[in-house]
Amino acid sequence: MTLATLNLAAEADALLSRLGVDAAAVQGGTLSVRSPITGTEIGKVAELSAEATAAAIDAAHQAFLAWRNVPAPKRGELIRLLGEELRAAKADLGRLVSIEVGKITSEGLGEVQEMIDICDFAVGLSRQLYGLTIATERADHRMMETWHPLGVVGIISAFNFPVAVWSWNAALALVCGNATVWKPSEKTPLTALATQAIFEKAVKRYVAEGGTAPDNLSTLIIGGREIGEVLVDHPKVPLVSATGSTAMGRAVGPRLAKRFARAILELGGNNAAIVTPTADLDLTLRGVAFAAMGTAGQRCTTLRRLFVHDSVYDSLVPRLQKAYQSVTIGNPMVDGNLVGPLIDKASFERMQAALEAAKAEGGSVTGGERVLSDAAADAYYVRPAIVEMPSQCGPVVDETFAPILYVMRYSDFDAVLDLHNGVPQGLSSSIFTNDMREAETFISARGSDCGIANVNIGPSGAEIGGAFGGEKETGGGRESGSDSWKAYMRRATNTLNYGRTLPLAQGVKFDI
Ligand code: UN1
Numbered sequence: 001m002t003l004a005t006l007n008l009a010a011e012a013d014a015l016l017s018r019l020g021v022d023a024a025a026v027q028g029g030t031l032s033v034r035s036p037i038t039g040t041e042i043g044k045v046a047e048l049s050a051e052a053t054a055a056a057i058d059a060a061h062q063a064f065l066a067w068r069n070v071p072a073p074k075r076g077e078l079i080r081l082l083g084e085e086l087r088a089a090k091a092d093l094g095r096l097v098s099i100e101v102g103k104i105t106s107e108g109l110g111e112v113q114e115m116i117d118i119c120d121f122a123v124g125l126s127r128q129l130y131g132l133t134i135a136t137e138r139a140d141h142r143m144m145e146t147w148h149p150l151g152v153v154g155i156i157s158a159f160n161f162p163v164a165v166w167s168w169n170a171a172l173a174l175v176c177g178n179a180t181v182w183k184p185s186e187k188t189p190l191t192a193l194a195t196q197a198i199f200e201k202a203v204k205r206y207v208a209e210g211g212t213a214p215d216n217l218s219t220l221i222i223g224g225r226e227i228g229e230v231l232v233d234h235p236k237v238p239l240v241s242a243t244g245s246t247a248m249g250r251a252v253g254p255r256l257a258k259r260f261a262r263a264i265l266e267l268g269g270n271n272a273a274i275v276t277p278t279a280d281l282d283l284t285l286r287g288v289a290f291a292a293m294g295t296a297g298q299r300c301t302t303l304r305r306l307f308v309h310d311s312v313y314d315s316l317v318p319r320l321q322k323a324y325q326s327v328t329i330g331n332p333m334v335d336g337n338l339v340g341p342l343i344d345k346a347s348f349e350r351m352q353a354a355l356e357a358a359k360a361e362g363g364s365v366t367g368g369e370r371v372l373s374d375a376a377a378d379a380y381y382v383r384p385a386i387v388e389m390p391s392q393c394g395p396v397v398d399e400t401f402a403p404i405l406y407v408m409r410y411s412d413f414d415a416v417l418d419l420h421n422g423v424p425q426g427l428s429s430s431i432f433t434n435d436m437r438e439a440e441t442f443i444s445a446r447g448s449d450c451g452i453a454n455v456n457i458g459p460s461g462a463e464i465g466g467a468f469g470g471e472k473e474t475g476g477g478r479e480s481g482s483d484s485w486k487a488y489m490r491r492a493t494n495t496l497n498y499g500r501t502l503p504l505a506q507g508v509k510f511d512i
């Protein structure tokens, strides 16, 4: 089937109905939803008003007051059922992700797999929300820490991982005893509605099996910036986890700070890889190709800067350019296509502007041109661009959310580490090397300054078991695995006296 004859609106309707979304929810609203695959409209979703958003947050707070009393392993049971529902819905939800965002089939499915994985992780975690017992200086005393739910957790997510990012936050927040209010990207309300319907199915089963779950435990709010601001400013939202651009983070962060609310910010990346003289070049080629061209360059972990040692530059870069020329671009739901569309026209224009700016700085561009515009005039497919740059300057230090890989030569390892870290962002990074000293240095205190530093794999495609996030303008937040759960709880330090006297700390005397 050609792009011109695809009927994505009908397919999205059928998927939504199978996933449990009421047809009325995606018709007649004010928010027009387009599939980047063809650029055609696939839904019109109703938007929430600011007043209704504030009321929804108040209702979520009520849900929190009840949910915090449910023992954590019992809360985990709800997330176990959510994981089961997601397994059952994987094919349909994965396909809807492809339709709404333009991901290739395996990545659409992979996104849902990431949701299932974090549910499994959160179920185990629900029995491991433990604190320390700490030695006290006072006789007959015990000091310990306990972890408690925080309240309503706000989740703001971006178009490029329209549902997985919700799950990283919600699965943890819910086992930790919080309620959640989710504002998805305005570009992706359909997958959000489907996810909400799947969550509600899990709640129904949980209650049918004897579990206690209050209404409004997880609330979806669809709309623009205005309702995002209500979420960020609401006094009953002690934590907002926001994923998106650095510009968005700059707007959200100070507003939260002003009212002393917590933030988990996961913002832009400008991720680099270093290819050293001992790199396995076959492996490097594959690692770079996926990290730089995969998801059409629209992951926050996408590889954007490549530093190649002089001694291997001429063996690697022509091969890469060849891979860029031959990579299959087109309908992401057709097997064999590896690069789908950009999300929209604005994204295409930003990519072209970055390529022009790179040329003005002396960059030599291969690829980057629009393709398939005859087949789909309103969709924006591009050939990924590889740009040989004389130095790290101009657009190279910015994140352009498109498949542009800037390639630069290096000769000195310490100097390339400085260049690697010499951008404002600090999300993900990697080194391709078989030299143990270089590998260890790269992940040491004087190596990569990013939240993720990999050896012999690209910077993108992280598993959920690790903490995910980065430094500097990436925002400093950590989501997903390891001990990221602590950000969704409040810690109390408790000192208990089981003696008959009252010794004061630091030897203070206060005898009355
Ligand atoms: C994002 O692009 O916002 O590491 C997240 C990865 C994915 C998550 C990306 N697991 O590429």
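Residue numbers for the sequence shown follow UniProt numbering, so the first one is 1 and each next one is one higher.
Each residue gets a CB set at the ideal place from its N, CA and C atoms; glycine is no exception.
Just so we're clear, the structure is a prediction, and the values are computed from it rather than from any experiment.
Identify the residues that DSSP records as bridge partners of residue i: which are they?
i	result
residue 392	Residue 392 is not bridged to any residue.
residue 141	497
residue 153	180 and 239
residue 426	471
residue 405	386
residue 265	242
residue 348	In DSSP, residue 348 forms no bridge with anything.
residue 480	467
residue 490	148
residue 329	339
residue 133	144
residue 371	381
residue 514	The structure shown does not extend to residue 514, since the chain spans only 1 to 512, so no value can be given for it.
residue 324	Answer is none; residue 324 lacks a bridge partner.
residue 410	309
Thinking just about the alpha-carbon of each residue, which of the options is nearest to the one in residue i?
i	options	result
residue 259	239, 32 and 416	239
residue 364	263, 341 and 404	404
residue 243	413, 261, 255 and 267	267
residue 336	294, 374 and 264	294
residue 276	141, 28 and 437	437
residue 285	262, 312, 42 and 135	312
residue 180	418, 191, 156 and 190	156
residue 458	81, 290 and 7	290
residue 371	359, 348, 356 and 86	348
residue 61	236, 186 and 177	236
residue 48	396, 280, 463 and 189	189
residue 97	80, 27 and 8	8
residue 168	118, 125 and 317	118
residue 345	287, 35, 27 and 309	35
residue 176	142, 11, 130 and 340	130
residue 26	192, 420, 127 and 81	192
residue 133	125, 143, 270 and 127	143
residue 418	307, 504 and 461	307
residue 325	272, 468 and 366	366
residue 380	12, 352 and 483	352
With respect to the beta strand (DSSP E) encompassing residue i, which residues constitute its N-terminal and C-terminal limits?
i	result
residue 454	452 to 455
residue 364	364 to 366
Residue range of the alpha helix (DSSP H) that residue i falls in?
i	result
residue 191	189 to 208
residue 220	Segment 218 to 220 is the beta strand (DSSP E) holding residue 220; no alpha helix (DSSP H) there.
residue 234	Note, residue 234: premise wrong, no alpha helix (DSSP H); not H, not E.
residue 537	For residue 537 there is no data in the structure shown, the boundaries of the chain being 1 and 512.
residue 160	Neither: residue 160 is in no alpha helix (DSSP H) and is coded neither H nor E.
residue 510	Per DSSP, residue 510 belongs to no alpha helix (DSSP H) and is neither H nor E.
residue 437	436 to 442
Cβ pair count under 8 Å reaching 3, the region 67 to 76 against the region 198 to 218: yes
Quick one: complete alpha helix (DSSP H) runs, 4+ long, within the region 267 to 307? 281 to 293
Every unbroken alpha helix (DSSP H) within the region 19 to 106, with a cutoff of 4 residues, ordered by chain: 50 to 67 and 72 to 101
Are three or more beta carbon pairs between the region 286 to 302 and the region 394 to 403 nearer than 8 Å? Contact between the region 286 to 302 and the region 394 to 403 is present: 3 or more CB-CB pairs across the two stretches fall below 8 Å.
Would you be able to state if there are at least three C-beta pairs under 8 Å between the region 85 to 99 and the region 6 to 19? yes
If you pair each beta-carbon of the region 141 to 157 with each one of the region 491 to 509, do three or more pairs fall below 8 Å? yes
At least 3 beta-carbon pairs within less than 8 Å: the region 51 to 59 vs the region 220 to 231: yes
Counting pairs of beta carbons, one from the region 158 to 173 and one from the region 106 to 118, are three or more of them closer than 8 Å? Contact holds: three or more Cβ-Cβ distances are below 8 Å.
Spell out a yes or no on whether the region 35 to 45 and the region 226 to 234 are touching, meaning 3 or more CB-CB pairs, one atom from each, closer than 8 Å. In this structure the region 35 to 45 does not touch the region 226 to 234; the number of beta carbon pairs closer than 8 Å is below three.
Three or more C-beta pairs under 8 Å: does that hold for the region 319 to 337 against the region 99 to 107? Touching, yes.
So, does the region 494 to 511 touch the region 129 to 143, judging by three or more C-beta pairs under 8 Å? The region 494 to 511 vs the region 129 to 143: in contact.
Contact the region 345 to 362 vs the region 72 to 85: 3+ CB pairs below 8 Å: Contact between the region 345 to 362 and the region 72 to 85 is absent, because fewer than three Cβ pairs lie under 8 Å.
Counting pairs of beta carbons, one from the region 468 to 480 and one from the region 422 to 437, are three or more of them closer than 8 Å? Flag = yes, the region 468 to 480 and the region 422 to 437 touch.
Is the region 380 to 387 touching the region 316 to 332, taking contact as three or more C-beta pairs under 8 Å? yes
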